[in-house]
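Below is one structure, written out as structure tokens; comments come after it.
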């Protein structure tokens, strides 16, 4: 009875939370995986990929020295496991995808330009239909001003104190099985 109550409580929290449910795994249905320094950037990666239905972030020290993100094209059964934080894409909204400080998303670049703030870089991406993600390089790193890199895809995140990145929300694809 006690185990049933714990799982029922976790499922209730899981179903309403856009944030990570600590201590739970969603094993299986993986289509992409990469190192990720936080559950936050793992969730953002899922929120920016229309294929993603759920995600699991494995804590550092379990699958290597850094955290690891697994994106899923189905929502597997929730399993109690202290290794992980997990979440469903169904509850990620546009407002949940915040800027990722000290994070770079190298690759998939289609445009770059000098700019004075990460907020302007983010807004430029939001208003550009082709843009899926962005990275702002702080001033003094690539030149006297900041530099904005717009991305056609959502590259895996890399820890980098000289950058701020973000992912643009993408609506979920609909699966009919």
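Numbering (our numbering), first residue to last: 20 to 196. C-beta: ideal position from N, C-alpha, C; glycine also.
Check your understanding: Which runs of the beta strand (DSSP E), 3 residues or longer, sit entirely within the stretch 88-145?
Key -> Counting whole runs of 3 or more residues, the stretch 88-145 contains the beta strand (DSSP E) stretches 98-107, 119-123 and 128-134.
Point to revise | Cβ neighbours of residue 172 in the same chain (closer than 6 Å, five flanking residues each side left out) | key: Taking C-beta separations shorter than 6 Å and ignoring five residues to either side along the sequence, the partners of residue 172 in its chain run 127 and 151, following chain order.
Review point. What's the call for residue 93, buried or exposed, on a 16-neighbour Cβ count within 10 Å?
Key: Burial state of residue 93 is exposed, judged by a 10 Å Cβ sphere holding fewer than 16 other Cβ atoms.
Practice item. To the nearest angstrom, report how far apart residue 43 and residue 83 are at their CA atoms. Key: Distance between the alpha carbons of residue 43 and residue 83 is about 19 Å.
Check your understanding: Within this structure, are the beta carbons of residue 75 and residue 123 separated by less than 8 Å?
Key -> No.
Exercise for review: Tell me, to the nearest whole angstrom, how far the beta carbon of residue 133 is from that of residue 118; I am working on the premise that it is less than 8 Å.
Suggested key: Incorrect: roughly 19 Å between the Cβ atoms, too far for contact.
Point to revise | Start and end residues, alpha helix (DSSP H) containing residue 66 | key: Its alpha helix (DSSP H) spans residues 58-66.
Check your understanding: Terminal residues of the continuous beta strand (DSSP E) containing residue 45?
Key -> Segment: none, residue 45 is in no beta strand (DSSP E) and carries neither H nor E.
**Study point:** Distance between beta carbons of residue 67 and residue 158, contact taken as under 8 Å
**Key:** Rounded, the Cβ-Cβ distance is 26 Å, inconsistent with contact.
Point to revise | Exposed unless 16 or more other CB atoms sit within 10 angstroms - verdict on residue 72 | key: Counting of Cβ neighbours within 10 angstroms places residue 72 among the buried residues, the total reaching 16 or more.
Review point. Alpha carbon to alpha carbon, how far is residue 163 from residue 97?
Key: If I take the Cα positions, the gap works out to 49 Å.
Check your understanding: Is residue 108 buried or exposed, if buried means 16 or more other CB atoms sit within 10 Å of its CB?
Key -> With 16 or more Cβ atoms within 10 Å of its Cβ, residue 108 is classed as buried.
Practice item. Compute the Euclidean distance between the alpha carbons of residue 80 and residue 57, then round it to the nearest angstrom. Key: Their backbone Cα atoms lie some 13 Å apart in a straight line.
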